[in-house]
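Novice: Quick note, the working numbering runs 849 ahead of the 1-based positions in the sequence shown. Yeah, the Cβ is synthetic: ideal placement off N, Cα and C, and Gly gets one too.
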Amino acid sequence: MARKSLPTAEEMTATQGALERVERDSVMAVAPLEAEANRLQQEKAEREQRELMIAQCHQMIGRIQGFKAIGEFTDIGKLVWLKQVKESKIYKGISDIGTWDSFCNYIGLSRSKVDEDLMNMNVFGEQFLTTVGNLSLGYKELRQLRQLTHDGTVAIEGESLIIEGETIPIDQDHVEELQTAIEQIIKAKNDINATAKKLIQDMNACVKEETKGLRIEKEALIEKVKHLEQYAPECHDRTWSVATMDRVLEAALGLEIAIQKFVIDPRVVGDRPLQAQIWAPLNAAIHQLEDLDARMRQAYFTEED
């Protein structure tokens, strides 16, 4: 019986290459199938999650509509759920609803109220709203407090409320302290706004009165100049004096209004260091005008004499 010869190195190399090609082709053929299977599995999971959320949505809607009063729908847990519904847009999958506005109306809530509640939760956090639920804070106060967080007067860091540098823990043990601090900062803000409004009204009334008085003086001076022109020699053209007087009076009016606005500006009133800084240049301007008036009177009176 003849002995089989061993494969040569070339034959072994060729066989190994063929095996590698078969394995590579198998991987390439399986990869798309695995990717498609993963995609279908992910779509299924997402579909099931969406269907679950829609089912939960219907369940929650039933509970909401079963309340005796819509006012009972105020706890943070339900507000968190409404946030999830809005952000996920799950309401679009509910028949006969489709929009956030329709969803809010369907559950018997005002969209503007829900949006403001969600805005408050985003700004203050769940813990703060849970704690202040025991305080007598309405939408108006929360809106004012939210505005104070924008200008830096109030800040929430971690589990504490910071009001003008004072740190108050947000918990049930400090409810009364939170109530007092919030009421005081809101009152102070309202007082400042009322004072600023009053100052602006007074400033506008003062400017209006000053403008009226200066306008009357201007008209009187113009008439006086026109009256004096008739006694001047015909060879001299005096029309330039009327135009010059107009410019002088307009400049005086502008200076008067600028000073009036500046000295009663809310940012200046009560600020002693700032008042001290501006008093020197204002005083210098007054002395210059007085000096100019004295020199003009001396020159005119000398000519008349």
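1) From Glu897 to Gly942, what does the alpha carbon distance come to, in whole angstroms?
2) Across the segment 1056 to 1068 and the segment 1089 to 1107, are there enough close Cβ pairs to call them in contact, namely three or more that are closer than 8 Å?
3) Would you mind sorting Val934 into buried or exposed? The rule is 16 or more other CB atoms within 10 Å of its CB.
4) What three-state label does DSSP hand Pro1115 in the structure shown?
5) Is Ser959 helix, strand or coil when you go by DSSP?
6) Go ahead and pull the three-state DSSP assignment for Ser1009.
7) Applying the 10 Å Cβ sphere with the 16-neighbour rule, what's the burial state of Asn1042?
8) Can you tell me which of the three DSSP states Ile1049 falls into?
9) For Leu928 and Leu997, I'd like the C-alpha separation in whole angstroms.
10) How many whole angstroms separate the CB atoms of Ser1009 and Thr1016, which I take to be in contact at a CB cut-off of 8 Å?
11) Compute the Euclidean distance between the alpha carbons of Lys893 and Glu883, then round it to the nearest angstrom.
12) In this structure, does DSSP put Ile1065 in helix, strand or coil?
13) Pull up the DSSP beta-bridge partners for Gln1017, would you.
14) At the level of alpha carbons, what is the spacing between Lys1038 and Gln1126?
15) What's the gap between the Cα of Thr1029 and the Cα of His1023?
16) Just to confirm the assignment, what range does the alpha helix (DSSP H) spanning Lys935 have?
17) Nearest by alpha-carbon distance to Glu1032: which of Lys1110, Ala1100, Leu991 is it?
18) What are the partner residues of Ala1129, as DSSP defines its beta bridges?
19) With 16 other CB atoms within 10 Å as the buried threshold, where does Asn969 fall?
20) Can the beta-carbon of Thr980 be found closer than 8 Å to that of Leu1027?
21) Take the Cβ of Ile1135 as the centre, count every other Cβ of all protein chains shown within 10 Å, and call the residue buried at 16 or more, exposed below.
22) Suppose the cutoff is 7 Å on Cβ atoms and the five residues either side in sequence are ignored; what does the same chain contact list for Asn1132 look like?
Specialist: A quick look at the data gives this:
1) Position 48 of the sequence shown holds residue 897. Position 93 of the sequence shown holds residue 942. About 13 Å.
2) yes
3) Translated into positions along the sequence shown, residue 934 becomes position 85. That one is buried.
4) By 1-based counting over the sequence shown, the position of residue 1115 is 266. Here Pro1115 sits in coil by DSSP.
5) On the sequence shown, position 110 is the one that residue 959 refers to. Three-state DSSP puts Ser959 in coil, outside helix and strand.
6) Residue mapping note: residue 1009 aligns to position 160 of the sequence shown, counting from 1. Residue state, collapsed to three classes: strand.
7) Mapped onto the sequence shown, residue 1042 falls at position 193. When all chains shown are included, Asn1042 counts as exposed.
8) Within the sequence shown, the letter at position 200 stands for residue 1049. Helix, per DSSP.
9) Position 79 of the sequence shown, counted from the start, is the residue given in the question as residue 928. Position 148 of the sequence shown, counted from the start, is the residue given in the question as residue 997. So the two alpha carbons sit approximately 23 Å from each other.
10) Here the question's residue 1009 lines up with position 160 in the sequence shown. Here the question's residue 1016 lines up with position 167 in the sequence shown. Right, the Cβ-Cβ distance comes to about 5 Å (below 8 Å), so this counts as a contact.
11) In the sequence shown, the residue the question calls residue 893 occupies position 44. In the sequence shown, the residue the question calls residue 883 occupies position 34. Those two C-alpha atoms are separated by around 15 Å.
12) Here the question's residue 1065 lines up with position 216 in the sequence shown. Three-state DSSP puts Ile1065 in a helix.
13) Your numbering for residue 1017 matches position 168 in the sequence shown. The sequence shown places Ile at residue 1017, not Gln. DSSP lists Leu1010 as partners of Ile1017.
14) Here residue 1038 is taken as the residue at index 189 of the sequence shown, counted from 1. Here residue 1126 is taken as the residue at index 277 of the sequence shown, counted from 1. Going from the Cα of Lys1038 to the Cα of Gln1126 covers about 27 Å.
15) For the purposes of this step, residue 1029 is identified with residue 180 of the sequence shown, where counting begins at 1. For the purposes of this step, residue 1023 is identified with residue 174 of the sequence shown, where counting begins at 1. Their Cα atoms are separated by approximately 10 Å.
16) Translated into positions along the sequence shown, residue 935 becomes position 86. Unbroken alpha helix (DSSP H) run through Lys935: 925 to 937.
17) The residue you call residue 1032 lines up with position 183 of the sequence shown. Selected option, being the one with the closest Cα: Leu991.
18) Translated into the one-based positions of the sequence shown, residue 1129 becomes position 280. Answer is none; Ala1129 lacks a bridge partner.
19) Counting from one through the sequence shown, the residue named residue 969 turns up at place 120. Asn969 comes out buried.
20) Counted from its first residue, the sequence shown places residue 980 at position 131. Counted from its first residue, the sequence shown places residue 1027 at position 178. Cβ atoms of Thr980 and Leu1027: closer than 8 Å.
21) Here the question's residue 1135 lines up with position 286 in the sequence shown. Counting Cβ neighbours within 10 Å, Ile1135 comes out exposed, since fewer than 16 surround it.
22) Start at 1 with the first residue of the sequence shown, and residue 1132 comes out as number 283. Taken in chain order, the list of residues that qualify is empty.
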